[in-house]
Every structure is written in structure tokens, then in C-alpha cells.
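One structure below.
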Amino acid sequence: MPDSQPQPPHSSSASSSPDSSGDPAALLLCGARLTDGRTVDVRLGGGRIEAVGTVGSLGAYATRVDLSGYLLLPAPAEPHAHGDTALSADTDGPLSYDPQDVQRRATEAALLQLGHGATALRSHVRIGDVPGLGALAAVLQARRALRGLAELTAVAMPRVLTGAAGADGLAMLRDAVKMGASVVGGCPDRDPDPTGYVEAVLEVASEHGCPVDLHTDGDDPARLARLAAMAGGLRPGVTIGPCGGLGRLPAEVASRAADQLAAAGVTVTCLPQGGCGGAERRATAPVRLLRAAGVRVAAGSGALRDVSNPVGRGDPLEAAYLLASRHGLRSEDAYDAVSTSARAALGLPEVRVEAGFPAELLAVRGDRLAGALSLAYSRIVVHRGRVVARTSAVREYCDTPAAGAPDLPRQGRTELS
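Okay, structure coming up:
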């Protein structure tokens, strides 16, 4: 692949000198390795990748980041988080939906996942019952607080939308969209009339031009067929997940359902790190079957240290690792599920390490993608052309008196007791 050519400066005041940039926020990533094996410099400006060239070819800039020893990748995105309940596993008593508590949890969870590399996140938020619209308002406030660090969007999740009890839920769903929820969703499996629930969600989505993101186990092929038939004409699109039950269906039935979802353009978000509805729903969707049928498959984290998964990590690279190690995907396809496909599920533009693309990047210590998925400890995260998070891991070994010991990083001369 030829080097990307430099792009025109984004500001008319930018210097035309090849050795300087008019953008004070311009960033030069030096000596990064790409997945195709090249070692390159990458110039960022105006929130985009301006140029990719051989090492030393892009001139000197005031702000340089040495990425020697790092693999540079498109940043992951998190398509299925639960910021309103995150980090609550150790809470004594009932879960607090006090707006300040929800905002704190949502903000801390988003920052944790940003540190892992996710520069865009979709958080599913319960509305109605105890939280009312307060939890959604708190997550939207967290979104504002995170501006410039990460993009956080909210999915409004009403409990019931059909029958007499559903009238309030439907009104609240419309109010949630007016408040700022940019996606509508929920759990049709828990409504007395799942098909009616989906119809109601699609109606609201059509009214407001919103995407749809629904929770379903996917273990009822007739229900999936109806959902696919209803979702086919909706734009900007429909996502469902985690669909672990789809893998429990007979292969022929599951294959037919996958074909129907593919024909309708429905995206499936799987949760390889664990579901978000309790231990009985921890199965992962049959990703290889879905991909073979042409379904776009994204991978999310689901529960992050709440009662559904008290040890959830919210790490997209772990999700990709599990897709590769447990489900047999190639490393490239596994990473696609948490990056390119996840961004597409969120309606975000594609990212490539090429000139003209958004500067949403993740640098991971290593030189091969498989190795990065195996031991991705040190990370540098770039959002809108700016380094927004760093994680550094240092491994040291104690001194040894053995002669001819390998030259290993040592802890120093401090005696160990």
C-alpha cells in the first residue's frame, strides 16, 4: 500500500512550510508500526489524519509522540455498555438511582473504557419504574462532562410498552428522545407482547429518525423473523444483541434466522465477556454463523462490574481476544468486531490509518495484532487528534545471584524480604 499523501491544512493561517504546522494542536506520531508491517510517521490535525509517510518524511512538529515499539490501530468503540449500573457490584443494599450516583458511575465507567481504547461508547439506560428519567438525565450529564475525551451516546430502555401498563412507558420513551437519548431500545423479551413492543419502538424511532438497539436473547426464531421483517425498512438502522440464545437453536434454524437478519440489514452485537442479564444468559452469539450469512457482527462489553457480571472489565481488546481464542475468528476479524463493525453499529464513520480519516486511534505495545490481543498492557489512546489516555505497564524481575542469568529488567538493588 503506498504512503498516504499529505492533505491541505485545515486552516488558511497554516504555514505552507513543509517543516511546520499552522495548527497548534497538530500531532506527529513517530515510528508507529501498522498491521501491514510498515513503520511510519502519522501527522494529525483538525481531528483527522493529515498524512502517513515513511519515518522522518513529515518534518518536525512541536508536539511529537514516540510510538516506537507500538502497533497503531483504529480505535475501538463500545457498542453495548450499561453506564447507569456500572461499578455497582459492591454496593450494599438496593442499587442507587440518585442522579449524582448514576452520573459518577457512568463517568467513571466511560473513563475506564476510554483507557482501554474505546473513544466512542453507547450506554443503554433504563427509564421508567424506579429510575424514571433521572438516570437518563444523569448519563446525558456525564456525556457533556466527557466531551473532548470520548463520545458517549444513550439508548433509552423502557420496561413495558404494550397494554394498559405500556402507555406510560411509550410516553416516557418519547420524552427520553426529546431529552437527548439518540437511540431507542429496550428488552422486548420481557414485555407480555414482544412483537408489539418492537412495533412501538420502531414507531418512535421512525418518528424521530433514531436508530434502534434492542436487547434479545434470540432464542425464538419466529420472533426473530418478525423482527427482521419489521426492521428491514428502518434507517438509520437496527441493532440487536446479545443473541446468545441463537446459538442454542438447531443449526439449520439458526442459519435461516441469520439469513433473515442479514437480508434486513440488522446488526448483531455479541458480548463475549459475559452478558448483561445474569449468569443464565452468558452464552455468546454464534459469530461465525452470523458472519458467514453476511450479518454485521459487532462485539461489546455488556455489564461492567455490576450484579450481572461483578468482574466485567469493559475491555474491547479482551472481547476481541475471546472472539479469536474461543470462537475461532482470525485476529483481524476479531478486532474488526470491536473497531470497524462497532463504529458502524454506532453510525460513526470508518477509521483507517490513512490520510483523510478521523484521528480516532489506539497504539498498543507490540508489533503484531495477535500479540496485541494477547498482551495488550501498554496503550495510548487518541481522540479527535489528541492523546486523551495513556496506560503504561512495566514488568521487572528480582535480582538473582545465578551466574549467566539472562539480561532481564530488574527491580533494583532493594533486598526482598
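7 is the number of the first residue of the sequence shown in the working numbering; add one for each residue after it. Note that beta-carbon positions come from the ideal geometry of N, C-alpha and C, so glycine has one too. Note that the structure is a prediction, hence the values are computed from the model and not measured.
Under the three-state reduction of DSSP, Glu157 is assigned to strand. Around the beta-carbon of Arg132, 16 or more other beta-carbon atoms lie within 10 Å, marking it buried. For Pro80, the enclosing beta strand (DSSP E) begins and ends at Tyr76 to Pro80. Collapsing the DSSP output to three states places Asp226 in coil.
When the alpha-carbon of Val190 is set against those of Ala270, Val46 and Arg128, the nearest one is in Arg128.
The alpha-carbon of Thr113 is positioned some 43 Å away from that of Glu258. DSSP places Thr201 within a helical segment (H, G or I) once states are collapsed to three. About 5 Å separates the beta carbon of Val370 from that of Arg385, a gap short enough to meet the 8 Å contact definition. DSSP places Arg241 in the coil class of the three-state scheme, outside both helix and strand.
Straight across, the Cα-Cα distance linking Glu366 with Ser63 is about 22 Å. Judged by DSSP secondary structure, Gly377 falls within the alpha helix (DSSP H) whose first and last residues are Leu375 to Ser380. Sixteen is the threshold: when 16 or more other Cβ atoms of the shown chains lie within 10 Å of the Cβ of Asp223, as they do, the residue is buried. When the alpha-carbon of Pro278 is set against those of Pro82, Asp104 and Gly308, the nearest one is in Gly308. Three or more Cβ pairs closer than 8 Å define a contact, and the stretch 101 to 119 falls short of that threshold against the stretch 331 to 344. Judged by DSSP in its simplified three-state form, Arg319 adopts coil rather than helix or strand. With a 10 Å radius around the Cβ and a threshold of 16 neighbouring Cβ atoms, Ala270 comes out buried.
Per DSSP, reduced to three states, the secondary structure at Gly308 is strand. Between the beta-carbon of Leu179 and that of Ala160 there is about 12 Å, and that puts the pair past the 8 Å contact cut. Cα atoms of Ser347 and Gly202: separation of roughly 29 Å, rounded to the nearest angstrom.
Comparing alpha-carbon positions, the option among Arg349, Met236, Ala231 and Val61 lying closest to Gln266 turns out to be Ala231.
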